[in-house]
Structures are given as C-alpha cells and as structure tokens.
Amino acid sequence: MAGTFTPDITTLVRTFYLASAATTIAFHAIPPLRDRFLAYGARNVSATTEAGSKSASISGYEPTVNLLNLLDSLAGLRVSHSYFISFYVLSAALSVFWLYDLLHGGRALSRLAAEHSIQGPYDSASLWKPLLSLFLLVLHSLRRVYENAYVSVPNPKSTMWVGHFAIGLAFFLFLQIAIVADYSARTTNVPAGPSTVVGTAIVLLAVSIFIFASVWQYLYHCYLASLRKYTLPVEYGANYIVAPHYTADCLIYLCLAIVDAPHGLINWSVICVLAFTVVNLGVTADGTKKWQLSKFRDQQQSIQQRWRMLPGLW
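Under the numbering used here, think of the first position of the sequence shown as 2, with each following residue one higher.
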C-alpha cells in the first residue's frame with residue numbers, strides 16, 4: 002500500500018530494547034507490579050509471598066481484589082533460576098552463527114536487509130568491527146555458561162518469573178542483530194568517523210576495558226560463590242557498590258557499542274541494548290540494596306553508603 006511505513010530491522014531492534022526499558026521503569030513505579038514481577042533470584046521468595054499476603058488481607062472493593070488475585074496468579078508462573086544458563090547458550094550459538102555468516106559472504110545479513118526494506122548491499126568495508134564484537138560476545142557468553150554451570154552455587158528455591166525468562170530470551174535473540182544490523186545499509190551520506198589511527202586506538206581501549214570488566218565480573222562471581230549463605234559481600238568493589246557484577250555488565254555492553262560503531266564513535270543499536278541493561282540491572286540492584294538493608298541490620302550504615310550500581314549516579 003502506497004505511503005505505508007515499513008520500519009527497518011534497526012528501528013525494530015532499537016524499539017524493542019527501549020520499550021522493554023520503559024516497561025521495566027513503569028513496573029518499578031507501580032508497587033503491585035514491582036512487588037510481584039520484579040523480585041529476582043533469592044529475593045523473589047519473600048517478595049512474592051508478601052505480595053500474596055497483602056492481596057489476601059484486602060477486602061471491600063471486589064474488582065480490586067479480583068485484579069490483585071489475577072496479578073498473584075500471573076506472578077506465580079515461574080521457572081527455575083537454573084534456566085538462566087539458557088540465555089548464554091542461546092547467545093553463544095547465535096554469535097557463532099552470525100560470525101559464520103559474515104565470514105562466508107553475509108547471506109543471512111543480506112537477506113535480513115532485503116526483508117526489512119534496507120537498501121543493500123551491506124557495508125563490507127568495515128565488517129571487522131562486527132566480527133570482533135561477535136567474537137567478544139562469544140567469549141562473554143561462553144564464560145557465563147561456564148560460570149552458571151561450574152561457579153554459581155544453585156539455590157533450589159530460587160526462581161524467576163516466566164516473563165523475565167521470555168524477555169531474557171528475546172534480549173539475546175536480538176542482541177546479535179543489534180550488532181550486525183547497522184552494517185546492512187548503504188554507507189552514503191553518513192557522518193565521518195574518527196581517523197583510522199584514532200579509531201583503532203579507541204577500539205583497542207574499548208577491548209581492554211571489556212577484558213578488565215570480564216575478569217572483574219568473573220572474579221566477583223567466584224567470590225560470591227565462596228561466601229557463606231547470607232553474608233554481606235565486601236570485596237571486588239562490593240564495599241562501594243551493591244552490585245559490582247552489574248557495573249561490569251554495563252561496561253561490557255558499553256565497550257561493545259564502541260567496538261561495533263559503524264560510523265562515528267558509537268553503535269546506537271547497541272546503546273539501546275545498554276539502556277535496557279542499565280534499567281533492568283539498576284532496578285534489580287535497587288532491590289538488592291533494600292534486601293541487604295533488611296537482612297543485615299547491624300551493617301545498615303555501610304550499606305547506605307554504597308552505590309547501587311553506577312558510582313556517582315545510582
């Protein structure tokens with residue numbers, strides 16, 4: 002139909018991540034939704050139980066009671082937290098797929114562009130950037146698979162809401178597309194990027210920070226696994242930040258956005274991935290801080306002084 006707007010794949014991917022971030026913020030702002038759907042990991046047991054108890058104690062306006070009961074039923078749809086490993090298995094598999102595709106002519110990338118009204122051919126002059134980004138993502142994903150399988154200490158009572166699980170799968174399903182999508186369009190009329198020397202130096206710096214953040218996150222995960230149950234973390238930055246492993250995750254995606262920049266300094270599709278990551282982990286870090294304050298009452302002063310995730314900001 003003439004005049005019909007058909008969004009390209011880049012727009013669709015960015016919209017998904019930004020809409021997911023906005024939805025998370027909305028849920029966090031509404032207590033009945035926050036208490037039922039944003040409780041995560043070890044904190045979900047007490048939070049969902051408390052939310053259900055509140056629903057049971059409410060009497061009077063029947064539509065409100067029915068709505069809360071419906072929310073309780075939806076919040077009860079949960080899967081084992083051990084399913085978390087599937088996110089990184091999916092991420093590693095898709096990263097390898099896109100690496101193979103780009104190294105063998107980019108047929109899937111060209112097809113993706115054709116089906117979403119992007120004029121081709123794809124930008125093959127700087128494909129080393131998505132190749133490097135995908136390689137880094139493979140390393141990150143395989144490390145997280147290893148950590149989930151051999152480092153983390155599973156809690157049989159720990160669960161996540163099925164909605165979290167679905168969004169997590171979608172997050173990693175679109176992540177690789179966010180990395181390669183901007184390379185499917187023509188390279189005419191685009192802003193000039195930094196010189197080759199400066200651009201290479203920036204990429205090398207980003208890769209170095211990526212490695213630092215990955216090692217930091219790994220060491221902190223090992224440290225968490227070594228702690229006795231319900232012990233307040235104090236090492237690897239935990240005495241300044243409630244969730245330093247989340248800080249490391251944000252650094253990892255920021256570095257990918259810099260490494261994968263097709264023009265200029267940033268890949269804005271990956272920045273949208275980072276935006277959702279910051280919101281999602283930021284909300285979880287906020288819940289972690291509140292949980293720590295209630296659990297470790299004798300150390301509340303120390304906990305109050307800690308940033309949740311982003312020093313100086315949150």
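All C-beta atoms, glycine included, are put in the ideal place defined by N, C-alpha and C.
Distance between Trp-129 and Tyr-18, taken at the CA atoms: about 25 Å.
Around the C-beta of Tyr-221, 16 or more other C-beta atoms lie within 10 Å, and the residue is accordingly described as buried. Annotation: the continuous beta strand (DSSP E) that includes Val-80 extends over 79 to 81. Taken atom to atom, the span from the alpha-carbon of Leu-69 to that of Asn-268 is near 42 Å. Between Leu-257 and Leu-72, the C-beta gap is not smaller than 9 Å, which leaves the two residues out of contact. Under the DSSP assignment, Trp-308 falls outside any beta strand (DSSP E); it carries neither an H nor an E label. Counting C-beta atoms within 10 angstroms of its own C-beta, Arg-15 has 16 or more neighbours from the protein chains shown and is therefore classed as buried. Around Tyr-84, the same chain offers Phe-166 as residues with beta carbons nearer than 7 Å, after the five sequence neighbours per side are excluded.
Going by DSSP, Thr-11 is part of the alpha helix (DSSP H) stretching over 10 to 30. For the set Leu-39, Leu-282, Ser-227 and Gly-288, the Cα lying nearest the Cα of Leu-75 is the one of Leu-39. By the 16-neighbour rule on beta-carbons within 10 angstroms, Ile-180 is buried. The Cβ-Cβ distance between Ile-242 and Ile-10 does not fall below 9 Å. Classified as exposed, Leu-104 has fewer than 16 neighbouring CB atoms from the shown chains inside 10 Å of its CB. Just so you know, the alpha carbons of Gly-238 and Ala-214 end up roughly 12 Å apart.
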